[in-house]
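Throughout the sequence shown, residue numbering follows mature numbering (1 follows the signal peptide of the UniProt record, and there is no 0), covering -32 to -1, 1 to 245 in sequence.
Ideal placement from N, C-alpha and C gives every residue a C-beta, glycine not left out.
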Amino acid sequence: MPRGGGLMALGARLRFLLAVWTLAGLARRNAGEAGDGGWQRRGPGAPAALAEEQCCAVERRADLSYSEFVQHYAFSRPVILQGLTDNSRFRALCSRERLLASFGDNVVRLSTANTYSYRKVDLPFQEYVERLLYPQDPTSLGNNTLYFFGDNNFSEWASLFQHYSPPPFSLLGTTTAYSFGIAGAGSGVPFHWHGPGFSEVIYGRKRWFLYPPEKTPEFHPNKTTLAWLQDVYPTLAPSARPLECTVQAGEVLYFPDRWWHATLNLDTSVFISTFLS
């Protein structure tokens, strides 16, 4: 083959390989976006991963019947439920792109994630996602992290919630109410308690810390969960440590009435709680 033809063939081959590598890279990137809904930061400036618990102390059940739920968990201890509902449709609707397209102009109420603060901020959902939804800085553990969870009139989100299938278990004499949330890595709610409920992670991971009603945790109610994890948790004796576990996307944690609990979002997390009241 003449030299010119050989160079042309080599160039064509290189262009082909470059196209294959580019398409493969796009496929990997798109697979990642599909897997996390486009919520996780990548590249320079992305936060280091926050650590999961070393050993989950909350039982996981994939085959739980209602009678077993009432007998063993409903009034006595937390449990993580797996595979009881199919929320793949709801999950797809909760991707970053689709939520911004559907609800970007909705005004949402944000609050600081601590017990004593009464600071509330109202702004469009798109502004929250694009300007304020960033990872908590571990070196700046103040109480000013704004958090989208509760304190909202979710009737405006009814078109989304109609696609959500809550856990199929209820308690006699209770009614259900949803609370939808989206929060950055390192954010969370410090220890508090209320009635029983379920919390499902749609995207991301959420680390939970739980104490039974008779065991009040040691914490400062006006400091973040991340500050508690760094400052208080390492000083606790083994007998004083909480039950803890990391709830993965697609899993649902049930907590009984009056159980103390705190949460820490290990990634940017999308989640929905079903409160029984």
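Among the bridge pairs identified by DSSP, ARG29 is matched with LEU49. Within the DSSP bridge table, the entry for GLU21 names no partner. By the 16-neighbour rule on beta-carbons within 10 angstroms, GLY156 is buried. Under the three-state reduction of DSSP output, ASP235 falls in the coil class, being neither helix nor strand. Apart from the 5 residues on each side of it in sequence, PRO134 sits with its Cβ closer than 6 Å to the Cβ of THR242 in its chain, given in chain order. Restricting attention to LEU101, LEU232, ASN74 and GLU27, the CA atom closest to the CA of LEU91 is found in ASN74. The segment 121 to 201 contains, as complete alpha helix (DSSP H) runs of 4+ residues, the segments 126 to 129 and 193 to 199 (chain order). Counting of Cβ neighbours within 10 angstroms places SER33 among the exposed residues, the total staying below 16. Around the beta-carbon of GLN104, 16 or more other beta-carbon atoms lie within 10 Å, marking it buried.
Excluding its 5 nearest sequence neighbours in each direction, PRO210 has C-beta neighbours in its own chain below 7 Å: PHE177, LEU178, TYR179 and PRO185, listed in chain order. Exclusion of the five residues before and after ALA217 leaves VAL169 and TYR171 as the residues of its chain whose Cβ lies within less than 6 Å of its Cβ. Taking C-beta atoms as the reference points, THR193 and LEU232 count as a pair closer than 8 Å. In the three-state DSSP reduction, THR203 falls in the helix class (H, G or I). The Cβ-Cβ distance between ALA230 and PHE159 falls below 8 Å. Leaving aside the five residues that flank THR142 on each side, the residues in its chain whose CB is nearer than 7 Å to its CB run, in chain order, LEU244 and SER245.
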